[in-house]
Amino acid sequence: VEVQSQGSQPILVFADDGRSMGLVVDEIIDIVEERLNIEVAGSQDGILGSAVIKGQATEVIDVGHFLPMAFADWFSRKEMRPSASAQSVLLVDDSAFFRNMLAPVLKAAGYKVRTAGGAQEGLAALRSGQAFDVVLTDIEMPEMNGFEFAENIRGDHNLNQLPIIALSAMVSPAAIERGRQAGFHDYVAKFDRPGLIAALKEQTAELRRAA
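Just so you know, we're using the numbering used here here: the sequence shown kicks off at 495 and counts up by one.
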């Protein structure tokens with residue numbers, strides 16, 4: 495992007511809780527409302543991946559990568575830090591890309607987050623003595639997939655009441671049914687951040703009612 499020394503410069507402005515930052519662009523081509531379906535993951539910082547938007551192959555910017563450049567504590571300032579009573583989430587995904595993308599989103603929503611790079615690491619974390627309120631797990635993982643991971647949790651009498659939410663790039667009726675059989679409480683598309691936060695709120699609300 496070329497920053498102009500005179501005249502007007504197109505800028506995308508993002509605001510949150512009294513703060514704002516501007517992302518300089520060469521040109522604003524169009525503004526559209528579209529369901530986002532990332533088809534190819536990005537290979538560089540600041541790019542979520544590629545999607546077809548209104549018939550055009552489009553690179554999708556990861557705004558979460560740029561926000562801390564304006565304010566280093568955008569995702570961690572005091573008013574957004576989890577309190578001592580915040581719900582604790584274990585995020586299990588073999589992809590560092592998705593862990594790095596989702597963890598700040600969860601922390602910004604007020605959750606305590608611990609990540610694991612696979613199902614075996616996730617089981618070790620669950621059995622380490624640290625208490626978790628909800629498990630978020632990818633489905634497509636090597637060695638032990640998300641369904642098998644959920645079945646292992648359900649088979650452990652110390653963990654079998656723990657809510658589990660599945661994350662997958664592919665959400666189909668067959669997969670949802672397979673997940674229900676494995677013991678998932680909910681099934682969310684990986685890039686559906688609002689849907690993920692809504693599912694977490696629903697499960698943690700159930701925990702509070704049960705308590």
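Glycine residues also receive a C-beta, built at the ideal position from the N, C-alpha and C atoms.
For clarity, every value in this text was computed on a predicted model and none was experimentally measured.
If you check the CB distance, D627 and V586 do not come in under 8 Å. In this structure, DSSP gives Q550 an extended state, which the three-state scheme calls strand. Across the set G677, Y605, R621, A590, the C-alpha of G677 shows the shortest separation from the C-alpha of E645. Annotation note: the segment 575-602 contains the following uninterrupted beta strand (DSSP E) runs of length 3 or greater, listed N- to C-terminal: 582-586.
Under the 10 Å beta carbon count, A551 is surrounded by fewer than 16 other beta carbons and is classified as exposed. By the neighbour-count criterion, in which 16 or more other beta carbons inside 10 Å mark a residue as buried, K606 falls on the buried side. In the displayed model, F643 falls within a helix according to three-state DSSP. In this structure, the alpha-carbon of V682 lies about 45 Å from that of S499. Residues I532, E634, A683, K684, F685 of the same chain have their beta carbon placed closer than 8 Å to that of A663, with the five preceding and five following residues left out of the count. Assignment of K695 by DSSP, reduced to helix, strand and coil, places it in the helix class. Between G558 and M515, the C-beta spacing is not below 8 Å. Counting of Cβ neighbours within 10 angstroms places I523 among the exposed residues, the total staying below 16.
About 6 Å separates the beta carbon of L584 from that of A619, a gap short enough to meet the 8 Å contact definition. DSSP places I532 in the coil class of the three-state scheme, outside both helix and strand. For the options R687, V497, V495, S502, the alpha carbon positioned closest to that of R593 is the one of R687. DSSP places V557 inside the alpha helix (DSSP H), whose first and last residues are 557-564.
The C-beta distance from D588 to G612 rounds to 5 Å, short enough to meet the 8 Å contact threshold. Closest in alpha carbon position to S582, among P657, L517, E671, Q675, is P657.
The beta carbons of I547 and V526 sit about 7 Å from each other, so the pair counts as a contact at 8 Å. Between the alpha carbons of L561 and D510 lies a gap of roughly 10 Å.
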